[in-house]
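Read the structure below first, then the notes.
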Amino acid sequence: MTVLVGIAGGTGSGKTSLAVKIRDRVGEDRCLLIAQDSYYKDGSTLAPASQAAINYDHADAFDTSLLVQDLRDLKSGRPVPCLTYDHASYSRRVLSDPLKPTPVVILEGILILAEEPLRRLMDIKLFIDTDADVRILRRLRRDLKERGRTFDSVEKQYLESVRLMHLEFVEPSKRYADLIIPEGAQNNVALDAVIARVQAMVAAQNVAPGLLAAKA
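Using our numbering, you'd call the opening residue of the sequence shown number -12 and step up by one each time.
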């Protein structure tokens, strides 16, 4: 069995940084990272106007049913395709090497706690609570450097969709979290608590089959 850890939070809150720290502590060979962003619906065949109108911060932009199925497969010990999304071409692609099941899978994304089918699969639900000014600065730096965006386009997107979607969907989803973490990866107390919980759950799942066999 696989322990599924969900990490939610607003754009630029530090979800990936926390996921990487957990993976480093658990062990790269025992932990798999999956980004909700990899499951954006393919928009490569859409008209340019429709591509420009995609709201990447709304649940409708994600292929959630596919993500749910892939997570179920991983938790059942079956490999799944490794997906990636190219914002420049609006396309979702399948990479050559599939994702193989590991004792721990970490799913991170802005809306993973807002989706009930995803929450049902999670063993640990985390929400990173980061101030809005810090988050927008991180997003601005990312979009300018990594996605080739202009300042005007980032500003327009933030005001017209990102901020509104955060207030409507992302922020309310924190009520579903088992643990709300201020400062994300910089919160060492919370990180230690999460690692301890993950390790305990992995150990319990490893022991359980042996106990059942002994009783039989």
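Where a beta carbon is used, it is the ideal one built from N, C-alpha and C, also for glycine.
I think residue 100 touches residue -7, with their Cβ atoms under 8 Å apart; what is that distance to the nearest whole Å?
Numbered from 1 along the sequence shown, position 113 holds the residue referred to as residue 100. Numbered from 1 along the sequence shown, position 6 holds the residue referred to as residue -7. That pair is a contact at about 6 Å.
Spatial neighbours of residue 104 within its chain, please: C-beta separation below 6 Å, excluding the five flanking residues on both sides.
The residue you call residue 104 lines up with position 117 of the sequence shown. Closer than 6 Å at the Cβ level, and outside the excluded window around residue 104, lie 55.
Given a threshold of 16 other Cβ atoms within 10 Å of its Cβ, counted over all protein chains shown, does residue 147 qualify as buried or as exposed?
Within the sequence shown, numbered from 1, the residue matching residue 147 stands at position 160. Exposed, since its Cβ has fewer than 16 Cβ neighbours within 10 Å.
Please state whether DSSP places residue 169 in a helix, a strand or coil.
Your numbering for residue 169 matches position 182 in the sequence shown. Looking at residue 169 - three-state DSSP - the assignment turns out to be strand.
Would you tell me roughly how many angstroms separate the C-alpha atoms of residue 201 and residue 193, rounded to the nearest one?
For the purposes of this step, residue 201 is taken as residue 214 along the sequence shown, with counting starting at 1. For the purposes of this step, residue 193 is taken as residue 206 along the sequence shown, with counting starting at 1. Because residue 201 carries a pLDDT of 42, less than 50, the predicted location of this residue cannot be relied on, and the following value inherits that uncertainty. Using only the alpha carbons, I get a separation of about 14 Å.
State buried or exposed for residue 169, treating a residue as buried only when at least 16 other CB atoms are found within 10 Å of its CB.
Looking up residue 169 in the sequence shown gives position 182. By the 10 Å Cβ count, residue 169 comes out exposed.
Can you check which of these residues, 112, 47, 171 and 136, is closest to residue 121 by C-alpha distance?
The residue labelled residue 121 in the question sits at position 134 within the sequence shown. If we check each option's Cα against that of residue 121, 171 comes out closest.
Give the DSSP bridge partners of residue 37, in chain order.
Residue numbering aside, residue 37 sits at position 50 when the sequence shown is read from its first letter. Paired residue(s): none; residue 37 is not in a bridge.
Report the rounded CA-to-CA distance for residue 186 versus residue 176, giving the unit in angstroms.
One-based indexing of the sequence shown puts residue 186 at position 199. One-based indexing of the sequence shown puts residue 176 at position 189. Whole-angstrom Cα-Cα distance: 16 Å.
Along the beta strand (DSSP E) that carries residue 95, what are the first and last residues, could you check?
Counted from its first residue, the sequence shown places residue 95 at position 108. First-last of the beta strand (DSSP E) with residue 95: 91 to 95.
From 30, 166, 98 and 133, pick the residue whose C-alpha is nearest to that of residue 44; which is it?
Your numbering for residue 44 matches position 57 in the sequence shown. Cα-wise, what sits closest to residue 44 is 98.
Could you tell me if residue -5 is buried or exposed, where buried requires 16 or more neighbouring beta carbons within 10 angstroms of its beta carbon?
Here residue -5 corresponds to residue number 8 of the sequence shown, with the count starting at 1. It counts as buried.
Grab the span of the beta strand (DSSP E) containing residue 78 for me, first residue to last.
As a first step, residue 78 must be located in the sequence shown, where it is residue number 91. Per DSSP, residue 78 belongs to the beta strand (DSSP E) from 78 to 81.
Quick one: grab the DSSP three-state call for residue 111.
Translated into the one-based positions of the sequence shown, residue 111 becomes position 124. Residue state, collapsed to three classes: strand.
Just curious, the alpha helix (DSSP H) that residue 98 is in, first and last residue?
Position 111 of the sequence shown, counting from 1, holds the residue named residue 98. Here residue 98 belongs to no alpha helix (DSSP H), and DSSP marks it neither H nor E.
For a test of the three-state rule: what should DSSP assign to residue -11, helix, strand or coil?
Stepping through the sequence shown from its first residue, residue -11 is reached at position 2. It is coil, neither helix nor strand.
Per the DSSP calculation, residue 67 is bridged to which residue(s)?
Sequence index remark: in the sequence shown, residue 67 carries index 80 (1-based). The partner list for residue 67 (beta bridge, DSSP) reads 86.
Answer yes or no: do residue 126 and residue -1 have a C-beta to C-beta separation smaller than 7 Å?
In the sequence shown, the residue the question calls residue 126 occupies position 139. In the sequence shown, the residue the question calls residue -1 occupies position 12. Contact: yes.
Could you tell me whether the stretch 75 to 85 touches the stretch 27 to 37, where touching means 3 or more Cβ pairs closer than 8 Å?
Yes, the stretch 75 to 85 is in contact with the stretch 27 to 37.
Out of 116, 162 and 112, state which residue places its alpha-carbon closest to the alpha-carbon of residue 93.
Numbered from 1 along the sequence shown, position 106 holds the residue referred to as residue 93. The residue with the shortest Cα to Cα distance from residue 93 is 112.
Taking residue 114 as the reference, give the member of 4, 163 and 27 with the closest Cα.
For the purposes of this step, residue 114 is taken as the residue at position 127 of the sequence shown. Closest by alpha carbon: 163.
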